[in-house]
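A.B. asks:
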Ligand SMILES: Cc1cc2nc3c(=O)[nH]c(=O)nc-3n(C[C@H](O)[C@H](O)[C@H](O)COP(=O)(O)OP(=O)(O)OC[C@H]3O[C@@H](n4cnc5c(N)ncnc54)[C@H](O)[C@@H]3O)c2cc1C
């Protein structure tokens, strides 16, 4: 079974040294969230993840969730762990104190999300969609709905789901068939089938609150006629107690490649009573509140799984002896495989991507908080634009890199990685869903190029690049070569952006065929930007913690030499256009 030590030192480094964003520091309610408090939280988080959640990964994989006589049973150990999880208050970490939450910023809860993803993604999913539902309800529901449902969700006694997908309606939500018929008492009765619903049914909580998109009888077809409804598994009485069973039942649960401990359900709605959330026919807008934050969290899933894969590959490479390295000092027998240049390269590749991503994620968490909580509307809007630009990037790049990193970890283990004993292949299988759900990575890339580069507030991408250039205008001989490399790649990204904006006018296939590459170039530049901010601290504070900072500088050096340059190849290949692709006739 893989082992895991939560990277608290790196997280605290980010919290202590990179929390220098002026706008973030101006948020009144977070002024008291100091280093000591955060360290305590992360140390407790590390304990529960390392000791209680991590063992569930294997148990969930070997004993998948089952549907038995109409009841969905989670794997052995899940119930006990969940009870402890909610008793310790982990579901309430980032929620509003008004509903019983602890009011921690995303800069802290993202670290917890990463740890939980490393320990067991399957287990994490039971609480993850609850936080998504919490966000959606708290933004769009009436006070009476909020007061009735949110305190229970915050405490983890009730969980949440997000019900979009149907058999013939995946990416294209306009195709949905689930109907909602209005009742005289202003409730709705929903009928239809939803599939692939994460945590759609299970035995961990007293109630499950489904957020369902459906079409009201008099609504237009397509995405303009979609509304959002809250449909509880058990109806809730006016005094908040649980009433009778609603018309939602579990048809089956999916048998899957990975995340086998997570219940992925087919849900049948038969005249199920629902309450409309937000305005009629604007359901997708409301649902996107949940999905946008959720997309960042899916990116963090990729990061968390990468971290545990890397940690185990590193340990294994220090234990396994095979062959002699080029500089072997051994006179008899083989060297540890970590002595081989290619293994070292692979480990550094993983490490440099993971630490860069963590720093980028920390920046994005700050921007998210500014977009939600800053007192100045203009500042909020600018941060919101950056978050919207970077959300598809983090979702796609982190999860794609998760595939690369789990595959590399398996390669380091050789045959012992491919076989089941060490649990490394499970990480690869568990991560494989992350580029698919919450909008496939290709859909994220299309969203980025067609909708996010420029919006009603102007040229977001160029505003972002101006910010990067401004923040990287740093003096110092040691940091200069890194900045030179970044600037070179910013130029490439700028040329790529001009090409995209030109082609978008009348060569849309060129843009569609280039969008995945564009997303990767932006992701690499954004990660390099985060590395520059890390390096600035390393060179400035070097003497105070030489070992830690030297490690960071060497890791960054690898990133700038070996990872960032991938951007140029993406640019060159993507800008060859799409005629030769679109004209190809498959037999
Ligand atoms: C384990 C698991 C858990 C899930 N959890 C949930 C959940 O909790 N709630 C929920 O509602 N759904 C959930 N889903 C569904 C998931 O979000 C969808 O599978 C995903 O959105 C893709 O839809 P699809 O599978 O129908 O693929 P399709 O939409 O049929 O796409 C097939 C392929 O075509 C590509 N494609 C589609 N449209 C375009 C386009 N316009 N341009 C270019 N390429 C395109 C896609 O990128 C993909 O590669 C889950 C799925 C799984 C497997």
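Numbering (my numbering), first residue to last: 717 to 1303.
Even glycine gets a Cβ: it sits at the ideal position worked out from N, Cα and C.
The structure presented is a predicted model; accordingly, all values stated were derived computationally and were not measured.
#1: Would you call the region 1024-1033 and the region 1138-1145 in contact, with 3 or more CB pairs under 8 angstroms?
#2: Following the continuous beta strand (DSSP E) through residue 983, name the residue where it begins and the one where it ends.
#3: Which residue wins for smallest C-alpha separation from residue 1275, given the options 1262, 1205 and 1231?
#4: Any heavy atom of ligand 1 closer than 7 angstroms to the beta-carbon of residue 1153?
#5: Does DSSP put residue 876 in a helix, in a strand, or in coil?
#6: So, are the CB atoms of residue 848 and residue 1010 less than 8 angstroms apart?
#7: Return helix, strand or coil for residue 1282, following the three-state DSSP convention.
#8: Between the C-alpha atoms of residue 821 and residue 972, what's the straight-line distance to the nearest angstrom?
#9: Quick check: the Cα distance between residue 996 and residue 1219, rounded to an integer number of angstroms?
#10: Relative to the alpha-carbon of residue 919, which residue among 943, 1048 and 797 has its alpha-carbon at the smallest distance?
#11: Any heavy atom of ligand 1 closer than 7 angstroms to the Cβ of residue 1214?
#12: Thinking C-alpha only, which one of 1068, 1107, 1094 and 1003 is nearest residue 1079?
#13: Considering Cα atoms alone, identify which of 743, 744, 827 and 811 is closest to residue 725.
#14: Can you give me the Cβ contacts of residue 938 inside the same chain, cut-off strictly under 8 angstroms, excluding the 5 residues immediately before and after it?
#15: Which of helix, strand or coil does DSSP assign to residue 860?
#16: Spatial neighbours of residue 844 within its chain, please: C-beta separation below 7 angstroms, excluding the five flanking residues on both sides.
#17: In the DSSP assignment, find the beta strand (DSSP E) that holds residue 923 and state where it starts and stops.
#18: Within its chain, find whatever has a CB closer than 6 angstroms to the CB of residue 941; leave out the 5 residues flanking it on each side and keep chain order.
#19: For residue 775 and residue 1298, what's the separation of their Cα atoms in angstroms?
#20: Nearest to residue 838 by CA position, among 895, 846, 910 and 772, is which residue?
#21: Taking Cβ to Cβ, would you say residue 1272 is nearer than 8 angstroms to residue 1250?
#22: Residue 790 and residue 799 - do their beta-carbons sit closer together than 8 angstroms?
#23: I want to check one thing, is the minimum distance from the CB of residue 913 to the heavy atoms of ligand 1 below 7 angstroms?
#24: State the start and end residues of the unbroken alpha helix (DSSP H) segment that holds residue 1009.
#25: Please confirm whether any heavy atom of ligand 1 lies closer than 7 angstroms to the CB of residue 823.
#26: In three-state terms, what does DSSP make of residue 1152?
#27: If distances are taken between C-alpha atoms only, which option among 1152, 1054 and 1161 comes closest to residue 1104?
#28: Within 10 Å of its beta-carbon, does residue 1221 have 16 or more other beta-carbons around it, so buried, or fewer, so exposed?
#29: Residues bridged to residue 1175 by DSSP?
#30: Near residue 1188, what residues of its chain come up, given a Cβ to Cβ distance below 8 angstroms and the 5 sequence neighbours on each side ignored?
#31: Tell me the DSSP secondary structure of residue 749 in three-state form.
#32: According to DSSP, is residue 813 part of a helix, a strand, or is it coil?
#33: If I measure Cβ to Cβ from residue 1100 and keep anything under 7 angstroms in the same chain, skipping five residues before and after, which residues do I get?
#34: Is it buried or exposed, residue 715, if we count other Cβ atoms within 10 angstroms and call 16 or more buried?
#35: How about residue 769 and residue 722: are their beta carbons less than 8 angstroms apart?
C.D. replies: Reading off the structure:
#1: Touching, yes, given that three or more Cβ pairs across the two stretches are closer than 8 angstroms.
#2: Note, residue 983: beta strand (DSSP E), 980-993.
#3: If we check each option's Cα against that of residue 1275, 1205 comes out closest.
#4: Correct: residue 1153 has its Cβ closer than 7 angstroms to ligand 1.
#5: Judged by DSSP in its simplified three-state form, residue 876 adopts strand.
#6: By the CB criterion at 8 angstroms, residue 848 and residue 1010 fall inside the cutoff.
#7: In the structure shown, the three-state DSSP call for residue 1282 is helix.
#8: Rounded to whole angstroms, residue 821 to residue 972 spans 34 angstroms at the Cα level.
#9: Each residue's CA atom was taken as its position, placing residue 996 and residue 1219 some 36 angstroms apart.
#10: Ranking 943, 1048 and 797 by Cα distance to residue 919 puts 797 first.
#11: Within 7 angstroms of the C-beta of residue 1214 there is not a single heavy atom belonging to ligand 1.
#12: Of 1068, 1107, 1094 and 1003, the residue nearest in Cα terms is 1107.
#13: Closest by alpha carbon: 827.
#14: Within the same chain, residue 938 has close Cβ partners 890.
#15: DSSP places residue 860 in helix when its eight states are reduced to three.
#16: Within the same chain, Cβ atoms closer than 7 angstroms to the Cβ of residue 844 are found at 1013, the five residues on either side in sequence being excluded.
#17: Residue 923 -> beta strand (DSSP E) spans 923-932.
#18: In chain order, 931, 935 and 997 place their CB closer than 6 angstroms to the CB of residue 941, counting only its own chain and leaving out the 5 sequence neighbours on each side.
#19: Just so you know, the alpha carbons of residue 775 and residue 1298 end up roughly 47 angstroms apart.
#20: Of 895, 846, 910 and 772, the smallest CA-CA separation from residue 838 is found for 772.
#21: Contact annotation: residue 1272 and residue 1250 have beta-carbon atoms nearer than 8 angstroms.
#22: No, they are not a contact pair.
#23: Yes.
#24: Here the alpha helix (DSSP H) through residue 1009 covers 999-1035.
#25: Relative to the non-hydrogen atoms of ligand 1, the Cβ of residue 823 never comes closer than 7 angstroms to any of them.
#26: Residue 1152: coil per DSSP, three-state reduction.
#27: Cα-wise, what sits closest to residue 1104 is 1161.
#28: It is exposed - the Cβ of residue 1221 has fewer than 16 other Cβ atoms within 10 Å.
#29: 1170.
#30: Around residue 1188: 1199, 1202, 1203, 1245 and 1248.
#31: In the structure shown, the three-state DSSP call for residue 749 is coil.
#32: Correct three-state label for residue 813: helix.
#33: The residues are 1087.
#34: With the chain represented from 717 up to 1303, any question about residue 715 goes unanswered, as that position is not in the structure.
#35: No. Outside cutoff.
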